[in-house]
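Data first, discussion second: the structure below is written as structure tokens.
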Ligand SMILES: Cc1cc2nc3c(=O)[nH]c(=O)nc-3n(C[C@H](O)[C@H](O)[C@H](O)COP(=O)(O)O)c2cc1C
Ligand code: SF4
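Chains as they are written, first to last, in my numbering: chain A, 1133 to 1561; chain B, 5 to 158.
What follows is the structure, encoded as structure tokens:
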């Protein structure tokens, strides 16, 4: 296969266990050039167009094209004001840790991306919605924000232009559902973080009823590079239709768990074997969740699948956050799914009945099977739930996401479920 | 009564939002930072200061995992129970902590030194299993490390 030269724009400034670059160091490494270029020579529409052409798709899980999302925001003199931009830094998807690396390692990159995105949609206020437990990221972002204000990359009349932007850090108080974009809006407004009905979409009526764009941290970190070096350059980083690089992660019993910035579309085998170092000695690969806790299991037969949105979907799962969670041959798949469903049941916001009542039921059935009290009809009940809690039956994507690992486990690890029920015990214990 | 320091911090946050309601969670976190937890009395004081109803503020407080509506120990341990940590041995770790501290999840030690709380994914899956004590992340945990870490928090 024709391999692209390695370029790692998102992580080039990141040195683990070291202080991130301050504003001066970030600028010396080429940072804020995209911002200078945009404010001085490009119209907001041109910035938006460049991002559209880059084929950047959202890195928060759903993969929605970023430029297209921005284009739904009302523009022009009679657009409602203020408009808002929010960086979704809630990152509580189990198995996912890429946004933390980006914020701790290069906070100015996120700020520059946010300023450019705000410029494109002409937002006057931006928030970083950060999960409570990311104290180190909070501290580093605060410092970076203060530095950016000092040199007028934030504040009134940026770099002498007519564009002004206030940017604030909001730290949350710990709930997975806050990452769902409409629940996030309620959380930021100080309410219980339950999702909102769509439409209206946030781009038209979001935070305090005003036009709002919510983008993932990694998504926004791509923007400075697209603007500084152009859509064509960015496209060319990728090994697939979707532009750019992707931060892939791997956790579980691999030799070197971690995260790596690689061309979008890097095959799973390459991530697992070359970067994660393969399985730990004495362990065999049984399966993996390709994109965090709310994606379908894939197995060894999918190792050649390129990690991009369409390919992983064609294989029956989702790219999600691009964070592989590895299931080995000595870990019980039934118990793993029980752990996952415990998480989803616990983190349901409780707003709609199927999710609030269905998830604890699923957890209970799985616990019964794991503890040796499973009945043959339990598998029917579980299957039934994957349909009843699936897409279209609940208020938001939390419950359907919870059903993805379950439905695929019932498909790939059916014999494990049957053995548990037949032997009335967990064969792994 | 909110202290001058608390009021100063709350006012600084208030400048970032168009409504007082949006400051509620930050305000509770500020008070919790100073007092360890958010008592009914603290809640009333915050609600009064921001002009919010106690009920709506409590509604938000009870929704979030890290607003403590009961007293906690001097050090709060958040142990990650999500899938990557679970695969890497979360259960043994939890049992060891429970035995050493003689408490269950959600409880505080007799001497008031530690509170042990489960947490969903702490976002450090590459170092699983992990836990956070106060604001320090401890990764790649095993049974030997636990004792040492606990000893470091007087
Ligand atoms: C239950 C749930 C939790 C979510 N959590 C996050 C999160 O922590 N971070 C994130 O960026 N997106 C999260 N999302 C996706 C967001 O709703 C949204 O799609 C994303 O922030 C959009 O950004 P993007 O277009 O840049 O990907 C979550 C979605 C759901 C349904
Ligand atoms: S699906 Fe679950 S998380 Fe989403 S709104 Fe319904 S109860 Fe809340």
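Glycine included, each C-beta is placed from N, C-alpha and C at the ideal position. Remember, it's a predicted structure, so these values are computed and weren't measured experimentally.
By DSSP's criteria, residue 81 (chain B) is part of a beta bridge. Which residues make up the other side? Your numbering for residue 81 (chain B) matches position 77 in the second chain. In the DSSP assignment, residue 81 (chain B) is bridged to B:120 and B:137.
Heavy atom of ligand 1 less than 7 Å from the Cβ of residue 62 (chain B), yes or no? Start at 1 with the first residue of the second chain, and residue 62 (chain B) comes out as number 58. No, the beta carbon of residue 62 (chain B) sits no closer than 7 Å to any heavy atom of ligand 1.
Cut-off 6 Å between Cβ atoms - residues of its own chain near residue 1384 (chain A), not counting five sequence neighbours on either side: As a working mapping, residue 1384 (chain A) is identified with position 252 in the first chain. Cβ neighbours of residue 1384 (chain A) beyond the five flanking positions: 1457 and 1458.
On the CB-based measure, 16 or more other CB atoms within 10 Å of its CB, does residue 12 (chain B) come out buried or exposed? What you label residue 12 (chain B) is simply residue 8 of the second chain in a count that begins at 1. It counts as exposed.
Would you list, in chain order, the members of the region 116-137 of chain B that have their beta-carbon closer than 9 Å to a beta-carbon of chain A? Of all residues in the region 116-137 of chain B, 122, 123, 124, 125, 126, 127, 128, 129, 130, 131, 132 and 136 have a Cβ within less than 9 Å of some Cβ in chain A.
If we cut at 8 Å on Cβ distances, does residue 1307 (chain A) have a partner in chain B? As a working note, residue 1307 (chain A) is residue 175 in the first chain. Yes, contact with chain B.
Whose C-beta lies closer than 7 Å to the C-beta of residue 1133 (chain A) among residues of the same chain, with five residues either side of it excluded? Indexing the first chain from 1 puts residue 1133 (chain A) at position 1. With a pLDDT of only 42 at residue 1133 (chain A), under 50, the local geometry of the prediction cannot be trusted, and no value is derived from it.
Take every Cβ of the region 1231-1248 of chain A, pair it with every Cβ of the region 1138-1148 of chain A, and state whether three or more of those distances are shorter than 8 Å. yes
Would you mind working out which of B:48, B:37, B:103 and B:67 sits nearest residue 1126 (chain A), comparing C-alpha positions? The structure shown has nothing for residue 1126 (chain A), since chain A only spans 1133 to 1561.
Using beta carbons (cut-off 8 Å, strictly below), is residue 1389 (chain A) in contact with chain B? If you number the first chain from 1, residue 1389 (chain A) lands on position 257. So, interface residue.
Beta-carbon neighbours of residue 63 (chain B), restricted to chain A and to distances below 7 Å: One-based indexing of the second chain puts residue 63 (chain B) at position 59. Here the neighbours are 1324.
Going straight from the alpha carbon of residue 1448 (chain A) to that of residue 1241 (chain A), what length do you get? Position 316 of the first chain holds residue 1448 (chain A). Position 109 of the first chain holds residue 1241 (chain A). In a straight line, the C-alpha of residue 1448 (chain A) is about 34 Å away from that of residue 1241 (chain A).
I need the boundaries of the alpha helix (DSSP H) containing residue 1200 (chain A), first residue and last residue. The residue given as residue 1200 (chain A) occupies position 68 in the first chain. Note, residue 1200 (chain A): alpha helix (DSSP H), 1198-1203.
Bounding residues of the beta strand (DSSP E) (the contiguous stretch that carries residue 1418 (chain A)): On the first chain, residue 1418 (chain A) is found 286 positions in, with the first residue counted as 1. Segment 1417-1421, the beta strand (DSSP E) holding residue 1418 (chain A).
Tell whether a beta-carbon distance below 8 Å holds between residue 1171 (chain A) and residue 1293 (chain A). To locate residue 1171 (chain A), count along the first chain from 1; it is residue 39. To locate residue 1293 (chain A), count along the first chain from 1; it is residue 161. In contact: residue 1171 (chain A) and residue 1293 (chain A) (Cβ atoms closer than 8 Å).
Return no unless some Cβ of chain A is closer than 8 Å to the Cβ of residue 86 (chain B). As a working note, residue 86 (chain B) is residue 82 in the second chain. For residue 86 (chain B), the answer is yes, since a Cβ of chain A falls inside 8 Å of its Cβ.
Quick one, which residues of the region 1214-1243 of chain A are near chain B if we go by CB-CB under 8 Å, in chain order? 1223, 1224, 1225, 1226, 1227, 1228, 1229, 1231 and 1232
Between the Cα of residue 147 (chain B) and those of B:127, B:54 and B:103, spot the shortest distance and give me the residue it belongs to. As a working note, residue 147 (chain B) is residue 143 in the second chain. For residue 147 (chain B), the nearest C-alpha among the options comes from B:103.
Within this structure, are the beta carbons of residue 1396 (chain A) and residue 1370 (chain A) separated by less than 8 Å? As a first step, residue 1396 (chain A) must be located in the first chain, where it is residue number 264. As a first step, residue 1370 (chain A) must be located in the first chain, where it is residue number 238. It is a contact, given that the beta carbons lie within the stated cut-off.
Just confirm the distance between the C-beta atoms of residue 61 (chain B) and residue 47 (chain B), as a whole number of angstroms; I'd bet it's less than 8 Å. Taking the second chain and counting its residues from 1, one reaches residue 61 (chain B) at position 57. Taking the second chain and counting its residues from 1, one reaches residue 47 (chain B) at position 43. Rounded, the Cβ-Cβ distance is 6 Å, consistent with contact.
DSSP state of residue 1525 (chain A), grouped into three classes? Position 393 of the first chain, counted from the start, is the residue given in the question as residue 1525 (chain A). Of the three classes helix, strand and coil, the one that applies to residue 1525 (chain A) here is coil, per DSSP.
beta-carbon residue 1523 (chain A) near ligand 2 non-hydrogen atom, thresh 7 Å: Position 391 of the first chain, counted from the first residue, corresponds to residue 1523 (chain A). It does not: the Cβ of residue 1523 (chain A) is nowhere closer than 7 Å to a heavy atom of ligand 2.
Look up residue 1260 (chain A) in the DSSP assignment and say whether it is helix, strand or coil. Here residue 1260 (chain A) refers to the residue found at position 128 of the first chain. Strand.
Alpha carbon of residue 1277 (chain A) to alpha carbon of residue 115 (chain B), nearest angstrom: Counting from 1 along the first chain, the entry for residue 1277 (chain A) is found at position 145. Counting from 1 along the second chain, the entry for residue 115 (chain B) is found at position 111. Spanning the two alpha carbons is a distance of roughly 41 Å.
Under 7 Å from the C-beta of residue 1420 (chain A): neighbouring residues of chain B: Within the first chain, residue 1420 (chain A) is the residue found at index 288, counting from 1. Here the premise fails: no neighbours, minimum Cβ distance about 11 Å.
Contacts around residue 1141 (chain A), its chain only, beta-carbon distance under 6 Å, and the 5 residues preceding and following it disregarded: Locating residue 1141 (chain A) in the first chain gives position 9, counting from the first residue. The residues are 1357.
Can you tell me whether residue 1150 (chain A) is buried or exposed, with buried defined as 16 or more other CB within 10 angstroms of its CB? Taking the first residue of the first chain as position 1, residue 1150 (chain A) is located at position 18. Exposed, by the Cβ-count rule.
Contact between the region 1423-1439 of chain A and the region 1340-1360 of chain A (3+ Cβ pairs under 8 Å): no
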